[in-house]
Amino acid sequence: MLPIQESHPLLQAPAKVFITTHHKPDGDAIGSMLGLYHYLTAKGHSVTAVSPSEVPDFLRWMPGTDKLLNYEQQGDLADKLLKQSDVVFCLDFNDFSRTKHIEQPLADATQPKILIDHHLFPKDVWDYGMSMPDKSSTCEMVYDYINLCGDNTMINSDIGKCLYTGVMTDTGSFKFPATTASVHLMVADLLTRNIDHTTIHQAVYDSWSESRMRFLGYVLIERMEIFHKYNAALIRLSRKDMNLFNVRNGDTEGLVNYPLSIAGIRFATLITERGDEVKMSFRSKGDFDVSKFARTYFEGGGHFNASGGRSKSSFDETILYFKKILSDIHPQ
Ligand code: 5GP
Ligand code: MN
Numbered sequence: 002m003l004p005i006q007e008s009h010p011l012l013q014a015p016a017k018v019f020i021t022t023h024h025k026p027d028g029d030a031i032g033s034m035l036g037l038y039h040y041l042t043a044k045g046h047s048v049t050a051v052s053p054s055e056v057p058d059f060l061r062w063m064p065g066t067d068k069l070l071n072y073e074q075q076g077d078l079a080d081k082l083l084k085q086s087d088v089v090f091c092l093d094f095n096d097f098s099r100t101k102h103i104e105q106p107l108a109d110a111t112q113p114k115i116l117i118d119h120h121l122f123p124k125d126v127w128d129y130g131m132s133m134p135d136k137s138s139t140c141e142m143v144y145d146y147i148n149l150c151g152d153n154t155m156i157n158s159d160i161g162k163c164l165y166t167g168v169m170t171d172t173g174s175f176k177f178p179a180t181t182a183s184v185h186l187m188v189a190d191l192l193t194r195n196i197d198h199t200t201i202h203q204a205v206y207d208s209w210s211e212s213r214m215r216f217l218g219y220v221l222i223e224r225m226e227i228f229h230k231y232n233a234a235l236i237r238l239s240r241k242d243m244n245l246f247n248v249r250n251g252d253t254e255g256l257v258n259y260p261l262s263i264a265g266i267r268f269a270t271l272i273t274e275r276g277d278e279v280k281m282s283f284r285s286k287g288d289f290d291v292s293k294f295a296r297t298y299f300e301g302g303g304h305f306n307a308s309g310g311r312s313k314s315s316f317d318e319t320i321l322y323f324k325k326i327l328s329d330i331h332p333q
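Basically our numbering = 1-based index in the sequence shown + 1.
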């Protein structure tokens, strides 16, 4: 992969740009994609931004969500636009398979592909890019990219809102270790672009439905197990539980973090029964590497303190397997 600067000539003249991100997009995925969308559009390019799946409700207020294509509903159109594009940007993922249904079209695409991402161990499939696992968020990297292009003054309110959202969600509201001085400098700069951070926090975090709040209460009482011996916690969500509370896309966001607020708990896992697979989310505090844990046991990956994976076994078998691993490895 060549340094991203070497891709600049591809965007000298107006080009057709295709941008995508990972399946089940979060604040950083949508924020970075829309931030880059607004920037490249303002530069005169014709930009298509495609989300592999639906944008969760808590992000729908973001400027430009109405312009996004949802690959699950508009796959044919997205495939056509991908084929017609001159350049492809991939944001916030490190392996085509993280886009789920866009994996094959991306692998088949012959256009130059540019990666902007902060996950560990990217696949060697991009022509140009920035892969920086120490960065707080892909939004921070899109901000760096715009600066690298010499276009800091083009960062307007729309771009600012999008980038602020991703850096806020990926840093746990500026609390995780990756929240460096440069993150705060970036945020200080964004706040001069006519954005209101309180409104953004409220739109993302204080927009729960009543049933989501009650679901959280139910889950913490009924579905959270604490293993003090291993400084660990497990939350299990069956399909039945989710149907009972009419759980919507995005309603389980952040659930995995709650056990980490218990003194002594440094490793939290969420096991979710999805239609075709069992999805796992892992979070840690301190020096337990959940990216390695996800890679070793659950075909996954991610970051040192936040990762995910999956299991092909049944929901109940996966829970038993997880507990067995816990007692085998004794995380501390
Ligand atoms: P989440 O638990 O929020 O789904 O994901 C946490 C982090 O792990 C995210 O940065 C995400 O990109 C990464 N991640 C989640 N699931 C997978 C997976 O199945 N494979 C890989 N390689 N990374 C994942
Ligand atoms: Mn991210």
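Where is the CB? At the ideal position from N, CA and C, for every residue including glycine.
Inset, instruction - Would you check if there are 3 or more beta carbon pairs closer than 8 Å linking the stretch 86-101 to the stretch 16-32? - result: yes
Legend entry - Of the residues Q75, L35 and S138, the one placed nearest R1, counting alpha carbons only: As displayed, the chain neither begins before 2 nor continues past 333, which places residue 1 out of reach and without an answer.
Legend entry - Rounded separation between T358 and T166 - CA only: For residue 358 there is no data in the structure shown, the boundaries of the chain being 2 and 333.
Inset, instruction - Drop a sphere of 10 angstroms on the beta-carbon of F122, count the other beta-carbons inside from all chains shown, and report buried for 16 or more, exposed for fewer. - result: Taking the first residue of the sequence shown as 1, we reach residue 122 at position 121. Label assigned to F122: exposed.
Legend entry - beta-carbon G167 near the ligand 5GP non-hydrogen atom, thresh 6 Å: Taking the sequence shown and counting its residues from 1, one reaches residue 167 at position 166. No, the ligand 5GP has no heavy atom inside 6 Å of this Cβ.
Legend entry - Distance CB(L238)-CB(T270) smaller than 7 Å: On the sequence shown, residue 238 is found 237 positions in, with the first residue counted as 1. On the sequence shown, residue 270 is found 269 positions in, with the first residue counted as 1. No, the Cβ-Cβ distance between L238 and T270 is not below 7 Å.
Inset, instruction - Output the boundary residues of the alpha helix (DSSP H) element that contains G218. - result: Your numbering for residue 218 matches position 217 in the sequence shown. Residues E211 to E223.
Inset, instruction - Take T172 and list the residues in its own chain whose beta-carbon comes closer than 8 Å to its own, dropping the five residues that flank it on each side. - result: Residue 172 sits at position 171 when you count from the first residue of the sequence shown. Around T172: S137, S138, A179, T180 and V184.
Inset, instruction - Look up P4 in the DSSP assignment and give the residues it is bridged to. - result: Taking the first residue of the sequence shown as position 1, residue 4 is located at position 3. DSSP output for P4 lists G130 as bridge partner(s).
Legend entry - Proximity to R275 [Cα-Cα], best of C163, R240, A79 and K81: Along the sequence shown, read from residue 1 onward, the residue named residue 275 stands at position 274. Answer by Cα proximity: R240.
Legend entry - heavy atom of the ligand MN below 6 Å from S138 C-beta: Residue numbering aside, residue 138 sits at position 137 when the sequence shown is read from its first letter. S138: yes, Cβ under 6 Å from the ligand MN.
Legend entry - Buried or exposed by the 16-neighbour rule on C-beta atoms within 10 Å, applied to K25: For the purposes of this step, residue 25 is taken as the residue at position 24 of the sequence shown. Buried, by the Cβ-count rule.
Inset, instruction - In the DSSP assignment, find the unbroken alpha helix (DSSP H) run with S295 in it and report its ends. - result: Against the sequence shown, residue 295 aligns to sequence position 294. Checking the displayed sequence, the identity of residue 295 turns out to be Ala instead of Ser. Note, A295: alpha helix (DSSP H), V291 to Y298.
Legend entry - For I20, the nearest candidate out of Y219, M2, P106 and L37 (CA to CA): For the purposes of this step, residue 20 is taken as residue 19 along the sequence shown, with counting starting at 1. Ranking Y219, M2, P106 and L37 by Cα distance to I20 puts L37 first.
Legend entry - DSSP state of M34 mapped onto helix, strand, coil: Position 33 of the sequence shown, counting from 1, holds the residue named residue 34. Looking at M34 - three-state DSSP - the assignment turns out to be helix.
Legend entry - According to DSSP, residues forming a beta bridge with C150: Against the sequence shown, residue 150 aligns to sequence position 149. Looking at the DSSP assignment, C150 forms no beta bridge with any residue, so it has no partner.
Legend entry - Nearest neighbour of C163, chosen from S52, D93 and G28 [CA to CA]: Walking along the sequence shown from the start, residue 163 turns up at place 162. The shortest Cα separation from C163 among S52, D93 and G28 belongs to G28.
Legend entry - 8 Å Cβ shell around D80 - same chain, five flanking residues per side excluded: Here the question's residue 80 lines up with position 79 in the sequence shown. Once the five neighbours on either side are set aside, the close Cβ partners of D80 are P106.
Legend entry - Alpha-carbon to alpha-carbon, M225 and G218: Indexing the sequence shown from 1 puts residue 218 at position 217. Indexing the sequence shown from 1 puts residue 225 at position 224. Using only the alpha carbons, I get a separation of about 10 Å.
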